[in-house]
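Let me begin by presenting the structure, written as structure tokens, before commenting on it.
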Amino acid sequence: MELPDLIMMDILSRLPAKSIFSCRRVCKSWRNILLDPHFAKLHLSRAPVDFLLKSEGTVFLAELDEESCISNSDVHLGRKSLMSCKTCNGINIGLKEIELCSSCEGMLCVRRSKRWSPYHVYNPITGEHVVVQQTVRASFMPIDCALGFSRRANEFKVMRFLVVTQSRTIVKGLEVDIQTVGSNSWRSIGETPYWPHLSSISSPFLNGALHWICYAAQMILSFDFDEEHFQPIPTPSQHFDNFYHTVGLGSLEGRLCMCYHKPHSTDPLDIWVMNNYGVKESWTKQFVIDKIIDAFPFQPIRYMNNGEILVLCGHHAAICYNPLRRSSRYIKFDSSKSTIFALPHIPSFIKLQK
95 MELPDLIMMD ILSRLPAKSI FSCRRVCKSW RNILLDPHFA KLHLSRAPVD
145 FLLKSEGTVF LAELDEESCI SNSDVHLGRK SLMSCKTCNG INIGLKEIEL
195 CSSCEGMLCV RRSKRWSPYH VYNPITGEHV VVQQTVRASF MPIDCALGFS
245 RRANEFKVMR FLVVTQSRTI VKGLEVDIQT VGSNSWRSIG ETPYWPHLSS
295 ISSPFLNGAL HWICYAAQMI LSFDFDEEHF QPIPTPSQHF DNFYHTVGLG
345 SLEGRLCMCY HKPHSTDPLD IWVMNNYGVK ESWTKQFVID KIIDAFPFQP
395 IRYMNNGEIL VLCGHHAAIC YNPLRRSSRY IKFDSSKSTI FALPHIPSFI
445 KLQK
């Protein structure tokens, strides 16, 4: 007796992306279910945060096997445990030339390193992409970009950060332009109220906003993609010395997290959790991780099914921390190549273009 399509969709939506591709080849009815837009939305709502690994011009999706992570030993993610991502269909550049700039809601923003090259919003699971052309602004120099999503408008938006230069010297603060993907039109947001540290990791997207550390101001800056405005987020009351080197941002179950660790020391890694978004008094030091590797930045990613916490350590490794045993295990990426680069990412089958 066959299961109803809705029940089968519910079951299949819990599978990892690699298994879903295999299921498409089982039978026509399964393929139709897996190509249904409702399936893509259901899968995205349940998909855990995994990693994209870029090495030697190839991008891989590393889906963590919960069973292997339950063991007490370290986990090594070799090439056999990875899924090769699809290339950007129609993009006349190789993956070796692109930079992984930002990940949001299953999509990536990638670019060439050349200053005014276009951005590409790209789904590494399906290969679908949209080109976001740059418009040159005299006396301005773009230095970074980021991808966000407006739930109200159901639209992806690309931010670009620019500085005003004169004879290669920065003479003005950081400005931001934004473009709704598919609109082909940039609009100015103006200067940022603080200068954020722009990083492809440690800038989590949650509550409809991207978040960055502002080292000089010793605070967190957020950008809301519905309202298109910046907002400061308070940090914990505890004084953070050596702020520049020791702070990273992440999220756990939709709550903003802040990591604090003194570099080149035996001090533990403290993870603070903001239990009530935007409320300074709701910060709680929730986890203290001993014997941490000397990496930067640290970014809490997610809870594993066994209650452990997954934390990305720089671009080359991650740890699973067990708060009950107060022990850590390392998840090591294939480090045989020096060009490895890791980026947190949620795999998605959502169609990018309407």
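For what it's worth, the working numbering labels the leading residue of the sequence shown as 95, then goes sequentially.
For every residue, glycine included, the Cβ atom is placed at its ideal position computed from N, Cα and C.
Source: prediction; values computed, not measured.
**Q.** Proximity test, Trp210 beta-carbon vs the ligand SAM heavy atom, cut-off 7 Å
**A.** Because no ligand of any kind appears in the structure shown, any question about the ligand SAM cannot be addressed here.
Just confirm the distance between the C-beta atoms of Leu241 and Met201, as a whole number of angstroms; I'd bet it's less than 8 Å.
Between Met201 and Leu241 the Cβ distance is about 6 Å, and since that is below 8 Å, they are a contact.
Cβ-Cβ separation, Pro417 to Phe381 (assumed contact under 8 Å), whole Å
With a Cβ gap of about 6 Å, Phe381 and Pro417 count as contacting.
| query | Whose C-alpha, out of Ala111, Met235, Ile403, Glu285, is nearest the C-alpha of Glu157? | reply | The residue with the shortest Cα to Cα distance from Glu157 is Ala111.
### Query
According to DSSP, is Glu285 helix, strand or coil?
Correct three-state label for Glu285: strand.
Would the segment 100-107 count as touching the segment 117-130 if we require 3 or more Cβ pairs under 8 Å? Touching, yes.
Span separating the alpha-carbon of Met95 from that of Ile307 | Low confidence applies here, because Met95 scores a pLDDT of 45, under 50, leaving its location unreliable; read the following figure in that light. Rounded to whole angstroms, Met95 to Ile307 spans 55 Å at the Cα level.
- Message: Going by DSSP, what residue range makes up the alpha helix (DSSP H) through Ile365?
- Response: Segment 363-368 is the beta strand (DSSP E) holding Ile365; no alpha helix (DSSP H) there.
Beta-carbon proximity check, Leu136 vs Pro441, cutoff 8 Å
No, Cβ-Cβ distance for Leu136 and Pro441 is not below 8 Å.
Locate the beta strand (DSSP E) running through His214, then write down its first and last residues.
Segment 213-216, the beta strand (DSSP E) holding His214.
In three-state terms, what does DSSP make of Met398?
The answer is coil: DSSP assigns Met398 none of H, G, I, E or B.
**Item:** Asp144: first and last residue of the uninterrupted beta strand (DSSP E) it sits in
**Value:** Looking at the DSSP string, the run of the beta strand (DSSP E) that includes Asp144 is 144-149.
Item to complete: Reducing DSSP to helix, strand and coil, say where Lys122 ends up.
Response: Helix, per DSSP.
Practice problem: Less than 8 Å between the CB atoms is what I'm expecting for Leu343 and Ser297, so what's the real figure, rounded? | Solution: In this structure Leu343 touches Ser297 by the C-beta definition: roughly 7 Å separates them, less than 8 Å.
- Simplified DSSP assignment, three categories, for Met95: With a pLDDT of 45 at Met95, under the threshold of 50, the modelled position of this residue cannot be trusted, and the question is left open.
message: How far does the beta strand (DSSP E) with Ile383 in it extend, from its first residue to its last?
response: 377-383 is the extent of the beta strand (DSSP E) around Ile383.
Label Ile101 either buried or exposed according to how many other C-beta atoms from any shown protein chain fall within 10 Å of its C-beta, with 16 as the threshold for buried.
Flag for Ile101 reads exposed.
State the CB to CB distance for the pair Arg245 and Gly302, rounded to an integer number of angstroms; the pair is presumed to be in contact (CB under 8 Å). Contact flag correct, Cβ pair sits at about 6 Å.
So, are the CB atoms of Arg206 and Ile219 less than 8 Å apart?
Inclusion of Arg206 and Ile219 in the CB contact set at 8 Å is not warranted, their separation being larger than that value.
message = Can you check whether the C-beta of Thr274 is within less than 8 Å of a C-beta belonging to chain D?
response = Among the chains in the structure shown there is no chain D, since it carries only a single protein chain.
Please report the Cβ distance between Ile425 and Tyr415, rounded to the nearest whole angstrom; I am assuming they are in contact, meaning their Cβ atoms lie under 8 Å.
-> Rounded, the Cβ-Cβ distance is 11 Å, inconsistent with contact.
Trp306 bridges to which residues according to DSSP? Per DSSP, the beta-bridge partners of Trp306 are Leu315.
Margin query: Do Pro287 and Glu256 count as a contact pair if the criterion is CB distance below 8 Å?
Written below: Checking the sequence shown, residue 256 turns out to be Leu, not Glu. Taking the C-beta atoms as reference points, Pro287 is found no nearer than 8 Å to Leu256.
Check your understanding: Given a threshold of 16 other Cβ atoms within 10 Å of its Cβ, counted over all protein chains shown, does Thr329 qualify as buried or as exposed?
Key -> Counting the other CB atoms within 10 Å of its CB gives Thr329 a total of 16 or more, which places it among the buried residues.
Neighbour-count burial assignment, Leu97, 16 or more Cβ in a 10 Å radius:
Answer is exposed; the Cβ neighbour count stays below 16.
*Burial state of Lys122, where buried means 16 or more other Cβ atoms lie within 10 Å*: Under this definition Lys122 is an exposed residue.
Notebook entry, point to check: Any idea what DSSP makes of His409, helix, strand or coil?
Noted result: In the structure shown, His409 falls within a coil segment according to DSSP collapsed to helix, strand and coil.
Discussion item. Checking 8 Å against the spacing of the C-beta atoms, do Glu321 and Tyr397 come in under that value?
Written reply: Contact flag unset, no.
Exercise for review: Express the C-alpha separation of Arg419 and Gln273 in angstroms, rounding to a whole number.
Suggested key: Roughly 47 Å between the two C-alpha positions.
Quiz prompt | Whole-number beta carbon distance between Pro131 and Lys445, since they are thought to touch under 8 Å | solution = By a beta-carbon distance limit of 8 Å, Lys445 contacts Pro131. Their separation comes to about 7 Å.
Measure the Cβ-Cβ separation of Val230 and His223 and say whether it is below 8 Å.
No, Cβ-Cβ distance for Val230 and His223 is not below 8 Å.
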